[in-house]
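Down below is the structure, laid out as structure tokens.
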Amino acid sequence: MTVLVVGASGATGRLLVEELLSRGHKVRAIVRSRGKLPDALRSHHLLSIVHANLLDLSDDEMTQHVNGCTAVASCLGHNLTFKGMYGSPRKLVTDAVRRLCEAVRANRPPGPVRFVLMNTAGNSNRDLNEPVSLGHRSVVGLIRLLLPPHTDNEKATDYLRTSVGQNDSAIEWVVVRPDTLVNEGEVTEYDVHPSPIRSAIFNAGKTSRINVAHFMANLITDDETWSRWKGRMPVIYDKGFS
Numbered sequence: 036m037t038v039l040v041v042g043a044s045g046a047t048g049r050l051l052v053e054e055l056l057s058r059g060h061k062v063r064a065i066v067r068s069r070g071k072l073p074d075a076l077r078s079h080h081l082l083s084i085v086h087a088n089l090l091d092l093s094d095d096e097m098t099q100h101v102n103g104c105t106a107v108a109s110c111l112g113h114n115l116t117f118k119g120m121y122g123s124p125r126k127l128v129t130d131a132v133r134r135l136c137e138a139v140r141a142n143r144p145p146g147p148v149r150f151v152l153m154n155t156a157g158n159s160n161r162d163l164n165e166p167v168s169l170g171h172r173s174v175v176g177l178i179r180l181l182l183p184p185h186t187d188n189e190k191a192t193d194y195l196r197t198s199v200g201q202n203d204s205a206i207e208w209v210v211v212r213p214d215t216l217v218n219e220g221e222v223t224e225y226d227v228h229p230s231p232i233r234s235a236i237f238n239a240g241k242t243s244r245i246n247v248a249h250f251m252a253n254l255i256t257d258d259e260t261w262s263r264w265k266g267r268m269p270v271i272y273d274k275g276f277s
């Protein structure tokens with residue numbers, strides 16, 4: 036199995052790459068800076084690194100990098116700086132998801148490619164009409180106006196829900212929604228739910244990045260896990276926060 040990981044140099048992306056390599060899978064990572072990957076990963080014999088800005092790649096280059104991959108995972112996100120949140124590209128995650136899906140289709144894969152997108156518990160699954168309080172809805176509306184990355188995350192998910200949908204012959208997808216991300220040194224017990232069981236605004240839980248990486252790797256490599264969650268937007272919490 037070969038997995039393409041974008042956002043591989045980020046805090047969660049690095050952990051996903053490490054988890055996939057530890058399971059013996061080939062990983063193709065697109066990164067803007069090789070130096071942001073730990074030395075142990077950069078020298079791993081199962082890892083191939085593409086040094087590029089993802090959205091600067093041509094359509095042909097994107098198609099080439101996706102070719103031969105049985106799964107694509109996106110851990111892309113905006114840097115928590117003024118430029119990262121309000122500068123260009125405003126639609127980093129959405130444009131990346133769209134272009135990667137177009138590249139998958141251009142390759143005409145023999146079977147569906149698994150697409151796993153890391154998102155956020157603050158993004159509701161509009162297929163399920165998840166109940167939220169008036170206060171929660173009001174705060175999210177304000178966040179949409181003030182923080183462009185939130186809208187980007189919503190639109191990326193909406194692309195998979197509506198433009199790819201449930202019956203695409205080339206792509207199957209899962210959107211993973213962690214709550215407040217924290218750093219831990221090892222995988223711990225965690226719970227996965229179809230929808231949030233607490234308010235990400237007023238009663239947020241916690242999810243360690245390493246647990247997110249572990250769950251994403253399970254989706255990519257384990258058929259049973261994939262069959263359970265494909266076409267859905269599972270929410271993941273560390274044990275004790277669900």
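Heads up: take any position in the sequence shown, counting from 1, add 35, and you land on my numbering. We treat Cβ as the ideally placed atom computed from N, Cα and C, and that holds for glycine.
Nearest to residue i (by Cα), restricted to the options the options
i, options, result
"Leu163", "Asp95, His228, Val62", "His228"
"Leu90", "Arg49, Lys61, Leu127", "Leu127"
"Gly48", "Val247, Trp264, Trp261", "Val247"
"Pro166", "Lys274, Ser234, Gly42", "Ser234"
"Leu111", "Ser44, Val148, Asp257", "Ser44"
"Trp261", "Asn88, Arg149, Ser68", "Arg149"
Residue i burial status per 10 Å Cβ neighbour count (16 or more: buried)
i, result
"Pro145", "exposed"
"Gly220", "exposed"
"His185", "buried"
"Asn188", "buried"
"Gly176", "exposed"
"Glu54", "buried"
Cβ separation of residue i and residue j, assumed to be a contact under 8 Å, to the nearest whole Å
i, j, result
"Leu254", "Val209", "5 Å"
"Leu39", "Val107", "5 Å"
"Met36", "Val151", "Wrong, their Cβ atoms sit about 13 Å apart, outside the cutoff."
"Ala205", "Val139", "5 Å"
"Ala64", "Leu81", "11 Å between Cβ atoms; not a contact."
"Asn154", "Thr192", "6 Å"
For residue i, the three-state DSSP class (helix, strand or coil)
i, result
"Leu55", "helix"
"Ser262", "helix"
"Val38", "strand"
"Glu189", "helix"
"Arg140", "helix"
"Glu96", "helix"
"Asp203", "coil"
"Lys274", "coil"
"Pro213", "strand"
> Counting Cβ pairs, one atom from each stretch, are 3 or more of them under 8 Å apart for the stretch 151–163 and the stretch 92–104?
Replying inline: Contact fails: fewer than three Cβ-Cβ distances are below 8 Å.
> Would you call the stretch 239–250 and the stretch 210–219 touching, i.e. three or more CB-CB distances under 8 Å?
Replying inline: Yes: at least three Cβ pairs fall under 8 Å.
>> Within 8 Å, do at least three Cβ pairs link the stretch 70–83 to the stretch 262–276?
In response: By the criterion of at least three beta-carbon pairs nearer than 8 Å, the stretch 262–276 is not in contact with the stretch 70–83.
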